[in-house]
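So the structure is just underneath, and the comments pick up after that.
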Amino acid sequence: MTRLTKDQIIQHRTQLERSEDPEKMLHNCEELMDCMGSADLFTQPGVDFITEGWAAAKFAQLRSADNVRLIPQRDQWPDFELLFGGQKESWEFTEADIPDRRRGDEYQAGRSLATQDPVEDWIKRAEQAPEAIRQRCTNKVAKHYSGRAGLLVYLNIGEFGIRQAEIEASFKDATRSAKDAFSEVWVLWKERAYPIWKDGRPVFSARCVTKNVPG
56 MTRLTKDQII QHRTQLERSE DPEKMLHNCE ELMDCMGSAD LFTQPGVDFI TEGWAAAKFA
116 QLRSADNVRL IPQRDQWPDF ELLFGGQKES WEFTEADIPD RRRGDEYQAG RSLATQDPVE
176 DWIKRAEQAP EAIRQRCTNK VAKHYSGRAG LLVYLNIGEF GIRQAEIEAS FKDATRSAKD
236 AFSEVWVLWK ERAYPIWKDG RPVFSARCVT KNVPG
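Note that our numbering has the sequence shown beginning at 56, numbered continuously upward.
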């Protein structure tokens with residue numbers, strides 16, 4: 056486990072703000088995550104940009120973007136940018152998780168999902184997923200951002216597939232509050248990218264992006 060120094064945080068954040076091939080940016084983020092370890096990654100203040108960079112790179116990879124980068128922190132909005140040829144897409148990011156979950160405490164306590172995660176908990180987490188997404192979307196809309204950008208919701212809730220179809224079916228209603236505030240709304244979950252809304256209209260179907268598909 057390795058906590059980053061202030062200078063290292065600035066260095067790594069600056070690196071992720073440079074336009075980069077999605078595969079390379081994803082590799083850099085995963086390497087940094089491995090170096091830090093889960094406990095420090097989820098407990099050290101000021102390193103949320105690493106998870107954000109990972110999600111942006113994964114999203115860019117799934118959509119076959121040419122390049123991806125985080126927007127400089129001083130600009131505050133939006134969070135990241137995709138490049139397709141000469142066309143840029145601006146995106147805001149949010150992570151939907153179990154309310155009040157303290158992931159750092161879980162890892163510090165040595166919690167093992169394999170031995171301390173009964174099926175009943177899988178179901179409970181699955182039931183909380185729609186509301187977790189809804190709340191994050193509502194929070195983003197309440198900020199009244201100027202300009203137009205897409206919204207990427209990273210759903211960080213796992214249920215080992217026991218309620219996958221039900222969770223997927225909830226995406227449209229759970230993200231509805233954001234459909235008019237953002238140019239597009241997508242959900243990133245389990246290595247898949249789901250298009251839900253575009254220009255206020257639903258575009259979600261059973262098909263999601265699971266491999267490189269032109270954006």
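Using N, Cα and C, we set each Cβ at its ideal position, and we do this for glycine too.
Member of L117, D254 and G108 whose CA lies at the smallest distance from the CA of A248: L117
Residue span of the alpha helix (DSSP H) that contains N83, given as start and end: P77 to M91
Beta-carbon proximity list for A151, same chain, < 6 Å, skipping 5 on both sides: A187, I188, R191, V208 and L210
Proximity below 9 Å, CB of K227 to CB of I251: yes
H199 classed as buried or exposed, judged by whether at least 16 other C-beta atoms fall within 10 angstroms: exposed
Cβ-based neighbour list, K253, same chain, cut-off 6 Å, excluding 5 preceding and 5 following: E239
Assigned exposure category for R256 - 16 Cβ within 10 Å defines buried: exposed
Inter-residue Cα distance where the pair is V258 and F237: 14 Å
C-alpha gap between Q63 and R129, whole angstroms: 17 Å
Rounded C-alpha distance that separates G159 from V196: With a pLDDT of only 46 at G159, under the threshold of 50, the placement of this residue in the model should not be trusted, and no figure is reported.
Complete beta strand (DSSP E) runs within the segment 120-159 (minimum length 3 residues, chain order): 122-125, 135-139 and 142-151
Closest by C-alpha distance to S225, when choosing among C84, P185 and R218: P185
Bridge-paired residues (DSSP) for N109: Looking at the sequence provided, one finds Trp at residue 109 rather than Asn. Note: W109 sits in no beta bridge, so no partner.
I251, enclosing beta strand (DSSP E) - first and last residue: R247 to K253
Rounded straight-line distance, which links the Cα of T193 to that of E144: 22 Å
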